[in-house]
Amino acid sequence: QQAFVRRKDFSLARKLLRQPWEAGSHAAAALLGSLYYDGRGGPRDYDEARRILEIGREGYDGDCLRNLALMLERGHGGPQDVDAALELYARAARLGQSVAARQLAQIYFLGVHDRKDLAKALEFARLGAELEDSECDVILARLLGAGVGGAARPAEALLALRRAMKRGYLPAHHLYGVLHLDSKGGVPPNEAKARAAFEFGAKAGHPPAMIDLARLLVEGRGGPRDVARAEQLQ
1426 QQAFVRRKDF SLARKLLRQP WEAGSHAAAA LLGSLYYDGR GGPRDYDEAR RILEIGREGY
1486 DGDCLRNLAL MLERGHGGPQ DVDAALELYA RAARLGQSVA ARQLAQIYFL GVHDRKDLAK
1546 ALEFARLGAE LEDSECDVIL ARLLGAGVGG AARPAEALLA LRRAMKRGYL PAHHLYGVLH
1606 LDSKGGVPPN EAKARAAFEF GAKAGHPPAM IDLARLLVEG RGGPRDVARA EQLQ
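As structure tokens, this is what we get:
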């Protein structure tokens, strides 16, 4: 059945996944529920998607738990239940579902649903970083640089960013530049490194990097002054 999903024959995938779902397969529920949720292979149907995913509420399939948590968080296909969503996200994350770890890190870091908790953000950012999620590496770097959970740890923060940078994650390049430019979180100032990081992002069309690179070009920081190029970036 997964082969038909990969081939984007979503209509056939819906039909083929129905039987294993009815037999109790949580993996089939994760796939089938996502097809109904996204409207692939037929009409979008939140109610049916949630009904399909409910089979996995007490199970151990990370994808199924994460998909159900998303519906509970957003109130799609039934009442919103943020507490239940957070519980299911956490279970999914601990089963190795990196997107669930990222969503929890973001919720607790940003205070979504009035649930700001930097200690929990650190916990799930670390977990997501172990699962090679680049956004979790960025959140982890911010938390470590701010001294959440103890004193500021600039070396660990930069290490987390370098992991994400190796994957080409542009927000990581940008934050790497910001930390070196503003000397935040105990990172030694280095305008040349900041400019190089912004250059990487600007070449890839990353707007925050383009804005910060333009500022350095105008001010002649980290390299030669180049007002003409700065104007092209803005």
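Throughout, our numbering is defined as the position within the sequence shown, counted from one, plus 1425. Note that beta-carbon positions come from the ideal geometry of N, C-alpha and C, so glycine has one too. All of these numbers come straight from a predicted model, not from anything done at the bench.
1. Consult DSSP for residue 1439 and reduce its assignment to one of helix, strand or coil.
2. How big is the Cα-Cα spacing for residue 1633 and residue 1655?
3. Could you give the distance in angstroms between the alpha-carbon of residue 1583 and the alpha-carbon of residue 1549?
4. So, is residue 1560 buried or exposed, given that buried needs 16 or more other C-beta atoms within 10 angstroms?
5. Spatial neighbours of residue 1467 within its chain, please: C-beta separation below 7 angstroms, excluding the five flanking residues on both sides.
6. At what residues does the alpha helix (DSSP H) containing residue 1596 begin and finish?
7. Looking only at its chain, what residues have a beta carbon closer than 6 angstroms to the beta carbon of residue 1500, apart from the 5 residues adjacent to it on each side?
8. In chain order, what residues of the same chain have a beta carbon less than 6 angstroms from the beta carbon of residue 1641, not counting five sequence neighbours either side?
9. Quick one: grab the DSSP three-state call for residue 1632.
10. On the premise that residue 1491 lies in contact with residue 1537, defined as a C-beta separation below 8 angstroms, what is that separation, rounded to the nearest angstrom?
11. Could you check what DSSP says for residue 1614 in three-state terms: helix, strand or coil?
12. For residue 1569 and residue 1579, I'd like the C-alpha separation in whole angstroms.
13. To test your reading of the DSSP string, which unbroken alpha helix (DSSP H) runs of 4 or more residues are found completely within the segment 1519 to 1576?
14. Residues in the same chain with beta-carbon distance under 6 angstroms from residue 1635, minus the five sequence neighbours each way, listed in chain order, please.
15. Please go through the same chain and pick out, in chain order, the residues whose beta-carbon is closer than 8 angstroms to the beta-carbon of residue 1541, but skip the five residues on each side of it.
16. For residue 1585 versus residue 1562, is the C-beta distance shorter than 9 angstroms?
17. Would residue 1494 and residue 1509 be called neighbours here (beta carbons separated by less than 9 angstroms)?
18. In three-state terms, what does DSSP make of residue 1468?
19. Would a C-beta distance cut-off of 9 angstroms place residue 1502 and residue 1476 closer than the cut-off?
20. Thinking just about the alpha-carbon of each residue, which of 1572, 1598, 1589, 1587 is nearest to the one in residue 1684?
21. Given that a residue counts as buried once 16 or more other Cβ atoms are within 10 Å of its Cβ, and exposed if not, what is residue 1637?
Concretely, from the data shown:
1. Counting from one through the sequence shown, the residue named residue 1439 turns up at place 14. Note: residue 1439 maps to helix in three-state DSSP.
2. Locating residue 1633 in the sequence shown gives position 208, where the first residue counts as 1. Locating residue 1655 in the sequence shown gives position 230, where the first residue counts as 1. Approximately 13 angstroms between the Cα atoms of the pair.
3. Locating residue 1583 in the sequence shown gives position 158, where the first residue counts as 1. Locating residue 1549 in the sequence shown gives position 124, where the first residue counts as 1. Straight-line Cα distance between these residues: approximately 18 angstroms.
4. To locate residue 1560, count along the sequence shown from 1; it is residue 135. Burial call: buried.
5. Within the sequence shown, residue 1467 is the residue found at index 42, counting from 1. Cβ neighbours of residue 1467 beyond the five flanking positions: 1436, 1439.
6. As a first step, residue 1596 is located in the sequence shown; it is residue number 171 there, counting from the start. Looking at the DSSP string, the run of the alpha helix (DSSP H) that includes residue 1596 is 1595 to 1607.
7. Stepping through the sequence shown from its first residue, residue 1500 is reached at position 75. So the list is empty, once near-sequence residues are dropped.
8. As a working note, residue 1641 is residue 216 in the sequence shown. 1620, 1647, listed in sequence order.
9. In the sequence shown, the residue the question calls residue 1632 occupies position 207. Correct three-state label for residue 1632: helix.
10. The count along the sequence shown starts at 1 and reaches residue 1537 at position 112. The count along the sequence shown starts at 1 and reaches residue 1491 at position 66. Actually they do not touch by this definition, with Cβ atoms about 16 angstroms apart.
11. Locating residue 1614 in the sequence shown gives position 189, where the first residue counts as 1. Coil.
12. Working through the sequence shown from its first residue, we reach residue 1569 at position 144. Working through the sequence shown from its first residue, we reach residue 1579 at position 154. One C-alpha to the other measures close to 7 angstroms.
13. 1523 to 1535, 1543 to 1555, 1559 to 1570
14. Translated into the one-based positions of the sequence shown, residue 1635 becomes position 210. Contacts found: 1627, 1658.
15. Walking along the sequence shown from the start, residue 1541 turns up at place 116. For residue 1541, where only same-chain residues beyond five positions count, the Cβ hits under 8 angstroms are 1533, 1534, 1535.
16. As a working mapping, residue 1585 is identified with position 160 in the sequence shown. As a working mapping, residue 1562 is identified with position 137 in the sequence shown. Taking 9 angstroms as the Cβ cut-off, residue 1585 and residue 1562 qualify as a contacting pair.
17. For the purposes of this step, residue 1494 is identified with residue 69 of the sequence shown, where counting begins at 1. For the purposes of this step, residue 1509 is identified with residue 84 of the sequence shown, where counting begins at 1. Against a cut-off of 9 angstroms, the Cβ pair of residue 1509 and residue 1494 comes out as a contact.
18. Here the question's residue 1468 lines up with position 43 in the sequence shown. Three-state result, residue 1468: coil.
19. Counted from its first residue, the sequence shown places residue 1502 at position 77. Counted from its first residue, the sequence shown places residue 1476 at position 51. It is a contact, given that the beta carbons lie within the stated cut-off.
20. Beyond the ends of the chain as shown, which are 1426 and 1659, falls residue 1684; an answer cannot be given.
21. As a working note, residue 1637 is residue 212 in the sequence shown. So residue 1637 ends up on the buried side.
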